[in-house]
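Here's the structure, in structure tokens; my notes come after.
There are 2 protein chains.
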Amino acid sequence: MTQKNRMTPKAHFAEKLRLAGLRPTRQRVAIAALLLDGRHRHVTADSLTEEITTAGLHVSGGTVYNTLNQFTEAGLLRRVMVHNDYSLFDTNTDHHHHFYEAENDQLVDIPHDDVILAQLPAAPDGHEIKAVDVVIHIQSKNS
Amino acid sequence: MTQKNRMTPKAHFAEKLRLAGLRPTRQRVAIAALLLDGRHRHVTADSLTEEITTAGLHVSGGTVYNTLNQFTEAGLLRRVMVHNDYSLFDTNTDHHHHFYEAENDQLVDIPHDDVILAQLPAAPDGHEIKAVDVVIHIQSKNS
DNA sequence: ATCTAGTTTAAAATCATTCTAAAGAGCCTT
DNA sequence: AAGGCTCTTTAGAATGATTTTAAACTAGAT
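If you read the sequences in order, they're chains P and G.
The first sequence begins at 29 in the working numbering and counts up one residue at a time.
The second sequence begins at 29 in the working numbering and counts up one residue at a time.
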């Protein structure tokens, strides 16, 4: 039974980081508090930096990138691949897919159950499937 | 009835470019001859530049990038999204999916029929589906 | 309180890709 | 085949996201 409710928010996120194998530094806890609060959204290094600034904090650029990568590595975030311009991270790590509208660089979650893969090929010899990503590219009808 | 076999290879690719709405310049024809010969493979700006050099030709870096983008725009190539490090292009523009092994940055085609999407969500209001990309991330079993 | 390995920092470095301005080449018209 | 107009190519500079660097700092164990 989790004692989440008895902990200060800070302690709660520090705990989460420890469980993920990450030393809970001041900046990692601050970023965790922003990204791992259960809300599902998509962030970039840039948008996260903005959030940090808005929260009255400061974390160096390099650390923002490192943290995003470490969180992803640790399974706390998921990297979404839709273009090559910059990295997108999803705070929802559950299995689900995406709509992507290139015109506005808009990414929208698709609930897991809305895509049914009736058949998948076997992974090549000596390999196993780690993840299946479905990206549905959409465009506005009058274009 | 195509007269493909009566044309010189050069004329054949020039024709292909014209049909795609691209002026058949020397460098575009050269690149078309390398990429649009029917063989299915994946290239990067870098690997293509190598091929060009190996063929004893020279095309400036900017033009390689421009051509890759224009061919993609024209539907002669397809951009594959698996990571954010650099762009990958597929000479196979038929509808098909991919296995991606991050360890070796290896991309493998999956025949169209090996993936069956039994159910797809409707596109958000005012939008239509342009393409559905399935990327199956794989890893070697002993890792 | 002390120590040490892991972290953060600001700034420099990297690297793929795009942009720029000038030189060159299709191609239509004569 | 010459002229001309626009689209292309070129080399090099510029951009921008991300990584690296080396030095200053901190979490957590002793």
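Ideal Cβ positions, reconstructed from N, Cα and C, are used throughout, including at glycine.
For residue j and residue i, believed in contact at Cβ under 8 Å, the rounded distance
i, j, result
"Ile166/G", "Ala151/P", "5 Å"
"Arg46/G", "Pro52/G", "6 Å"
"Val110/G", "His125/G", "So it is not a contact: roughly 11 Å between Cβ atoms."
"Thr121/P", "Leu135/P", "In fact, because the Cβ distance is near 15 Å, the residues do not count as touching under 8 Å."
"Arg56/P", "Thr100/P", "That belief does not hold up - the Cβ atoms of Arg56/P and Thr100/P are roughly 13 Å apart, past 8 Å."
Inter-residue spacing [alpha-carbon to alpha-carbon] between residue i and residue j
i, j, result
"His155/G", "Lys169/P", "5 Å"
"Ala58/P", "Leu76/P", "11 Å"
"Asn97/G", "Arg54/P", "43 Å"
"Thr72/P", "Glu43/G", "43 Å"
"Gly66/P", "Gly49/P", "19 Å"
"Tyr128/G", "Ile164/G", "6 Å"
"Ala24/G", "Gly103/P", "No answer is possible for residue 24/G: the residues shown for chain G start at 29 and end at 171."
"Leu148/P", "Glu79/P", "40 Å"
"Val92/G", "Pro139/P", "39 Å"
"Asn112/G", "Leu116/P", "10 Å"
"Gly90/P", "Tyr114/P", "15 Å"
"Leu63/G", "Ala83/G", "13 Å"
"Val108/P", "Asp153/G", "23 Å"
Environment of residue i [buried if 16+ CB atoms lie within 10 Å]
i, result
"Ser88/P", "exposed"
"Gln31/P", "Because Gln31/P carries a pLDDT of 47, less than 50, the predicted location of this residue cannot be relied on, and the following value inherits that uncertainty. It counts as exposed."
"Ala16/G", "One cannot answer for residue 16/G here, as it falls past the ends of chain G, which runs 29 to 171."
"His40/G", "buried"
"Thr81/P", "exposed"
"Met29/P", "Note that Met29/P scores a pLDDT of 48, beneath 50, so its modelled location is shaky and nothing firm can be said."
"Ala60/G", "buried"
"Arg69/G", "exposed"
"Asp74/G", "exposed"
"Asp118/G", "buried"
"Asp133/G", "exposed"
"Asp161/G", "buried"
For residue i, three-class secondary structure by DSSP
i, result
"His140/G", "helix"
"His40/P", "helix"
"Leu135/G", "strand"
"Leu148/G", "coil"
"Thr30/P", "A caution first: Thr30/P carries a pLDDT of 45, below 50, which makes its placement in the model too unreliable to give a value."
- Query: Taking only runs of the beta strand (DSSP E) that begin and end inside the stretch 49-118 of chain P, which ones reach a length of at least 3 residues, in chain order?
  - Reply: 106-108, 116-118
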